[in-house]
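Chain order of the listed sequences is A and B. If you use numbering that gives the first Met the number 0, the first sequence corresponds to residues 0 to 271, in order. If you use numbering that gives the first Met the number 0, the second sequence corresponds to residues 0 to 371, in order. Here a beta-carbon is modelled for each residue, glycine too, at the ideal position from N, C-alpha and C. Values in this document were obtained by computation on a predicted structure and should not be read as measured data.
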Amino acid sequence: MTIRMKLLVGAGALLSFAGGVALAGEDSAAPEVKKHAVPTSKDGDLVVGLCDGVTSLEVDGVKEGQKLTREQALRVSGALMEQWLKKNPDANWDPAPAVAQAPPPTKTPEAPRSPPAVPSTPQKPSSGGTMVGGGVKPESGGKDVKKQQGANLQDGHTYGAFSQRDEAIWAASTQAFVEEGNRVFHDAELLGGTVAVSCDMCHPDASNTHPETYPKYQVQLGRVALLRDMINWCIENPVRGKPLADDDPKMRAMEAYIYAKRKGTPLEYGKK
Amino acid sequence: MGNKFRSIETKHHEERDAFFDDLKRLDRRAFMRVAGISAGIVAGMGLRTPQSFQLVNVAEAQGTKPRFSFAYISDTHLYDQKLNDRFVRSILKAVDDVNALDPQPDFVLFGGDLAQLGQAVELKLGAQILKNLKAPVKMMVGEHDWFLDMGELWRELFGPPNYSFDHKGVHFVVLNSILEKDFWTERKLTPMERMKIVAGLDNGIQSRFEVGGEQRAWLQQDLAKVDKKTPLIVFSHSPLYKYYRPWNFWTDDADDVQALLKPFEKVTVIHGHTHQLLSNQIGNISFHGMLSTAWPWPYAPEGLPKLTVQMNRPDPFSQFDGCGNGRMDVLESGLVDKLYNLWERNPITVRASYLASGGKQDAPPRTKLPSY
């Protein structure tokens, strides 16, 4: 993914553009994206295109191929948006949806990573594609809506009038969170280990982590333990690192990964 | 102050040591006494069946003495000792164990994965440590030794990765079963990237293990000279059958290799890689896994051979639990009794008769805590 693409996707997510192609789940039919040919800069500066396929912006002082800082990227997306609003003064914009975002990726590991930890979760039929009142209709765009036509269904959406695209973002955010856990789980350095031991060495595919058995009395600790207590135990002992705080993003991500890998296993707290 | 107090654990180990010492001087009268002690130990430990090591020794007292024995150490996964002393301590423990065997084994098989990332410092450290073994060593290669430089240094240190030899009427074959189809050139991976992908058990980017056509042709040629009645023992790093593909508990051309072994009456395959108590029987071929000294692996979620008696779930709070080394007793019949010397637990023997009878005879003690 080029920087330009990243920016486009980032701007799209931030500003709630329709489309959201890159974020859509496997199952949803992704509409074709038209190629946006941006003009080249005379000085070899980076040119960023907006996803309307027309608007573009030259970033002074940043060469093609260089990375933008987060601040620079925000300025660029803001400037692009301003241009677009000038061209489309009557556009009616909803505020950006508040979507729980995964923690930013920690760093690129040396080796290429494993394939995705878990396949993305198939989403339940969406309640609609555009925000219109009156409940589920075939034209709302949901994949299974046609099937439900005529069925005696209750109206509306539990979380409000969200579109299929919103749901795709939720799924992608969850997936990214799990992926971050996958990365930490497989990287001794990220774990803060000092002996080059990572979790996957004893727990391939998070096997034998049995999150479904917690809380349980952990005889060796002499107290009731949660999954995170055992994660920390492993970090301190075989991994020889420092234990993570309960709200450490790495801890949260690893829990996400471990639970995701154990999908479908019945909860059985206290199991020996 | 003198150490007047002995813990329960110390007493237990003293009793065990005395028990095994006595075994070496076994006549009929002594046997009855030792059997009594062992029954006592078994009862004292609250084991439900008196099978754990009492029956093993009954069999020995009845005269099914082995023709000869060899020991093994496997899957030591060494890093540079400055980086990681844990795995170094483990291999040293295994070397001590094997050197303490009396009588000494005829030779020691090293089952592969001496190094963790195939680096010179790791392989050389391993070679240095293995030099302390009193018995001669037969080396086998594992994927962790191979994929940094495609076996260059390993071959320099230990010679060719596949070879055969004859010992006391048994034909031995050592295979390099961890070859993989090229997944790195197209991805433009560096040698270390390639190595780290292969080193990740759950890393699906890599290819599956195979012996490969060239080596199978060599095997066919090698076996052509051997009488079909000669007992055959094959060493391979990966199991020479298909257990669980996602973790490469697997050899892709296992069926072709098995076909080459099929004409022989008595065939045993000893493999590493799986770090667990693992037994299988396919037709005339018995398979035994080896323990790792570095860490145990959980049983795969599917594909476990039905003759496998799982080892108890290891205690994560003990560095050595679920790890160990072991011994193979080659019987007069040419079949193999496989002893798993599980550190911090009683040893478990998987007998040739157990596999040959399809699990009807001499079953090893059942697991108390199977994997989740």
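Please tell me whether residue i has its Cβ less than 9 Å away from any Cβ of chain B.
i, result
"A/N231", "no"
"A/D204", "yes"
"A/P237", "yes"
"A/A224", "no"
"A/N207", "yes"
"A/D228", "no"
"A/M200", "yes"
"A/Q219", "yes"
"A/K271", "yes"
"A/H35", "no"
"A/A195", "yes"
"A/T212", "yes"
Would you say residue i faces chain A, with C-beta separation under 9 Å as the test?
i, result
"B/A70", "no"
"B/W145", "no"
"B/G199", "yes"
"B/S176", "no"
"B/S73", "no"
"B/R244", "no"
"B/A299", "yes"
"B/P304", "no"
"B/L82", "yes"
"B/P295", "yes"
"B/P190", "no"
"B/D254", "no"
"B/G45", "Residue confidence is low: B/G45 scores 49 on pLDDT, short of 50, so the model does not pin down where it sits. No coordinate-derived value is stated."
"B/Q115", "yes"
"B/Q318", "yes"
"B/R66", "no"
"B/L341", "no"
"B/S206", "no"
"B/D314", "yes"
What's the C-alpha gap between residue i and residue j?
i, j, result
"A/L49", "A/S55", "6 Å"
"B/Y240", "A/T208", "27 Å"
"B/F109", "A/P248", "42 Å"
"B/K92", "A/R239", "21 Å"
"A/M200", "B/G357", "33 Å"
"B/G271", "B/I128", "19 Å"
"A/A160", "A/Q153", "14 Å"
"B/H236", "B/K81", "27 Å"
"B/K265", "B/Y162", "19 Å"
"B/P65", "B/Q318", "32 Å"
"A/H311", "B/V308", "An answer regarding residue 311 of chain A cannot be provided, because it is not within the stretch 0 to 271 covered by chain A."
"B/K367", "B/P300", "18 Å"
"B/T273", "B/R207", "15 Å"
"B/W296", "A/G221", "25 Å"
"B/S370", "A/I234", "22 Å"
"B/F86", "A/P237", "11 Å"
"B/Y339", "B/P315", "19 Å"
For residue i, write down the residues that DSSP places opposite it in a beta bridge.
i, result
"B/D336", "B/D328"
"A/S55", "A/G48"
"B/Y243", "B/F248"
"A/R222", "A/Q217"
"B/Y71", "B/L108 and B/G325"
"B/P114", "Per the sequence presented here, residue 114 of chain B reads as Ala, with Pro not at that position. Answer is B/L77."
"A/S272", "Since the first and last residues shown for chain A are 0 and 271, residue 272 of chain A lies out of range."
"B/L231", "B/H170 and B/V266"
Once the 5 residues before and after residue i are set aside, which same chain residues still bring their CB inside 8 Å of it?
i, result
"A/V75", "L6, V47, L56, V58 and L67"
"B/G117", "H143, D144, W145, F146, L147, D148, L152, W153 and M194"
"A/P214", "V223, A224, L225, Y268 and G269"
"B/V329", "P65, R66, F67, S68, F69, K167, V169, P230, I232 and V335"
"A/D204", "K260"
For residue i, which residues of its own chain have a beta-carbon under 7 Å away from its beta-carbon, when the five flanking residues on both sides are left out?
i, result
"B/Y353", "Q360, D361, A362 and P363"
"A/W83", "L49, D51 and T54"
"B/A253", "L239, Y240 and K241"
With a threshold of 6 Å on Cβ separation, who are the neighbours of residue i within its own chain once the five nearest residues in sequence on each side are excluded?
i, result
"A/W169", "none"
"B/I196", "N202, I204 and Q205"
"A/T264", "E211"
"B/P190", "L147"
"A/L45", "V58, V61 and E63"
"B/K137", "F106 and L108"
Report yes or no: do the stretch 206-215 of chain B and the stretch 190-207 of chain A share at least 3 C-beta pairs separated by less than 8 Å?
no
If we count Cβ pairs, one from each stretch, closer than 8 Å, do we get three or more for the stretch 253-260 of chain B versus the stretch 286-302 of chain B?
no
Are the stretch 168-187 of chain B and the stretch 79-96 of chain B touching, with three or more C-beta to C-beta distances below 8 Å?
no
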